[in-house]
Amino acid sequence: MVFTVAKLAVAAAVLNNAVSAVPLAGRQSGKYDWHDSNGGHTPIEPPTPGSGYFISYGPRPYYLLNNMTDSPLKRKLQSCENGPFEITAFSIAHRGGADLQIPEETVQSSVAGARMGAGVNECDVAFTSDLELVCRHDQCDLHTTTDIMNRPELREKCSVPFSPANDTAPASATCCTSDITLAEFKGLCSKMDGFNKSATTPEDFTKGGIPVWRTELYNTCGTVMTLAEYIDLTDSFPGYRNFTPELKTPPAAVTMPFPSENGNYTQAQFARDMVDTFLEKGISPYRVFPQSFLPDDLAAKGVNIIAPPINYLLTVTGENNETIIPSDYGYAAKAAGLDIIAWTMERSGPLTNVKASEDYYFSTFADGVKTDGQFFEILDMLAQEIGIVGAFSDWSSSVSYYGSCMGLKGTYGEKYHAAPYRQGPL
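Mapping of the sequence shown onto mature numbering (1 follows the signal peptide of the UniProt record, and there is no 0): residues -21 to -1, 1 to 405, in sequence order.
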């Protein structure tokens, strides 16, 4: 079974078209035709920290470990308590890798995720009104993830202006990256995702709505990034990190093709610009793992890494549906020879609450989840029984700890580097 609508992190020989093909070596795009994947690129190296740079997992993995019931898995993980700690591409930094506590898609989140050992860093790619590429999880999320509503000169440009709460409807607004220029975008402060449904003023709209288990301790002014800045930042981290940009599909609020001074901006051109940004930076094509949710971006015959959400991979059985087991989907994907990346760990808050809150990621197996101590048990089942090669996480240290302790390297290795490349049309 190939699930082409889910987020797909793709590697060599995955796609036939320009939208998400990796490796990028040999790709003929609008500007480049590079057939030598090593010439002029940053080299492919083992993911080991540089001299004087230390990986720090912080208290989170130890808290989860201490809440486990005694088992061989717990004892194995305890044996790694004092390191050595490594960077591992099994740990994929979701939106930077620290958005459990730090505003997503920011310099600060990426720096923290890298320090916590994530070997792959994500940027969700959107575009501005002047067609510059930036990192935002959604093309139209500025009203909940930045302070744009506190800036009168910018909020008046939003696709859907602020509407105050009333007796029949909550407060609302829709602000897109394509509503403003790059210069205007760069002036924004990123914040923890959330909004005040009861707001009667634009300024009040930005206050509240953050899940109680997140923190606002670091919610000061997250630094937003362009795609080019994300590439430079990720490439600067000691230890060699890979890239996983996600090409966003603009929502209905954004007309596509997008009208601009240079003509209509198509999804294909958007994809081409994303690829060219990496080529311009001289990044080895084999370090780049694009993703897409758009079926038209995918060629099912070439898919060899698939990334479904966790709830697709696990289910429950037993008299009270309290025994967690791999799902038929997970077994089918493994049997088909597909490598699997799961999403998203550490996005649900305390595991004791996932059933009551009807959390999406645990929806198929929530009856079997009782304590935070099951975090590593769930991750271990995904890794050892289903065979995932990586996991996205909102707090990289917990997945990094497991991957490092178990010797899991993730998406590094000759398996993808040596895969045949099939060039397709742009």
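In this text, a Cβ means the ideal position worked out from N, Cα and C, and glycines have one as well.
- Task: Report back the beta-carbon spacing between residue 118 and residue 236 to the nearest angstrom; my notes put them in contact at under 8 Å.
- Result: Looking up residue 118 in the sequence shown gives position 139. Looking up residue 236 in the sequence shown gives position 257. That belief does not hold up - the Cβ atoms of residue 118 and residue 236 are roughly 14 Å apart, past 8 Å.
- Candidates 388, 387, 385, 378: which alpha carbon is nearest residue 72's? Position 93 of the sequence shown holds residue 72. Minimum Cα distance to residue 72 is reached at 378.
- Message: Assuming residue 290 and residue 342 are in contact, meaning their beta carbons sit under 8 Å apart, how far apart are those beta carbons, in whole angstroms?
- Response: Stepping through the sequence shown from its first residue, residue 290 is reached at position 311. Stepping through the sequence shown from its first residue, residue 342 is reached at position 363. With a Cβ gap of about 5 Å, residue 290 and residue 342 count as contacting.
- Task: Flag this pair as touching only if the stretch 249 to 267 and the stretch 198 to 207 have three or more C-beta atom pairs under 8 Å; answer yes or no.
- Result: Yes, the stretch 249 to 267 touches the stretch 198 to 207.
- Task: Within its chain, find whatever has a CB closer than 7 Å to the CB of residue 183; leave out the 5 residues flanking it on each side and keep chain order.
- Result: In the sequence shown, counting from the first residue as 1, residue 183 sits at position 204. Counting only Cβ-Cβ distances below 7 Å, and skipping sequence neighbours, we find 175.
- Residues that residue 244 bridges to, as DSSP identifies them: If you number the sequence shown from 1, residue 244 lands on position 265. Under DSSP, residue 244 forms a beta bridge with 237.
- For residue 384, the first and last residue of its enclosing alpha helix (DSSP H): Indexing the sequence shown from 1 puts residue 384 at position 405. Counting along the chain, residue 384 sits inside the alpha helix (DSSP H) bounded by residues 375 to 385.
- Item | Contact under 8 Å by Cβ, residue 75 with residue 84 | In the sequence shown, the residue the question calls residue 75 occupies position 96. In the sequence shown, the residue the question calls residue 84 occupies position 105. Yes, the pair counts as a contact, with Cβ atoms nearer than the cut-off.
- Query: Given a threshold of 16 other Cβ atoms within 10 Å of its Cβ, counted over all protein chains shown, does residue 268 qualify as buried or as exposed?
  - Reply: As a working mapping, residue 268 is identified with position 289 in the sequence shown. It counts as buried.
- Exposed unless 16 or more other CB atoms sit within 10 angstroms - verdict on residue 196: Start at 1 with the first residue of the sequence shown, and residue 196 comes out as number 217. Exposed is the call here.
- Three-state secondary structure (DSSP) at residue 64? Within the sequence shown, residue 64 is the residue found at index 85, counting from 1. DSSP places residue 64 in coil when its eight states are reduced to three.
- Message: I'd like to know if the stretch 349 to 362 and the stretch 312 to 330 are in contact, where contact means that at least 3 CB-CB pairs between them fall below 8 Å.
- Response: yes
- Message: Quick check on DSSP: helix, strand or coil for residue 57?
- Response: Working through the sequence shown from its first residue, we reach residue 57 at position 78. It is helical.
- Any chance you could list the beta strand (DSSP E) runs of at least 3 consecutive residues sitting entirely within the stretch 299 to 329, in chain order? Entirely contained in the stretch 299 to 329, the beta strand (DSSP E) runs reaching 3 residues are, in chain order, 302 to 305, 318 to 324.
- Taking residue 352 as the reference, which of 185, 328, 367, 89 has the closest Cα? As a first step, residue 352 is located in the sequence shown; it is residue number 373 there, counting from the start. Taking only the C-alpha atoms, the option nearest residue 352 is 328.
- Item | Cβ shell of residue 94 (< 8 Å), same chain only, five flanking positions each side left out | In the sequence shown, residue 94 corresponds to position 115, counting from 1. Excluding positions up to five away in sequence, the list reads 34, 35.
- Roughly how many angstroms separate the alpha carbons of residue 124 and residue 102, rounded to a whole number? As a first step, residue 124 is located in the sequence shown; it is residue number 145 there, counting from the start. As a first step, residue 102 is located in the sequence shown; it is residue number 123 there, counting from the start. In a straight line, the C-alpha of residue 124 is about 15 Å away from that of residue 102.
- Query: Helix or strand or just coil, what does DSSP make of residue 390?
  - Reply: In the sequence shown, residue 390 corresponds to position 411, counting from 1. Looking at residue 390 - three-state DSSP - the assignment turns out to be coil, as it is neither helix nor strand.
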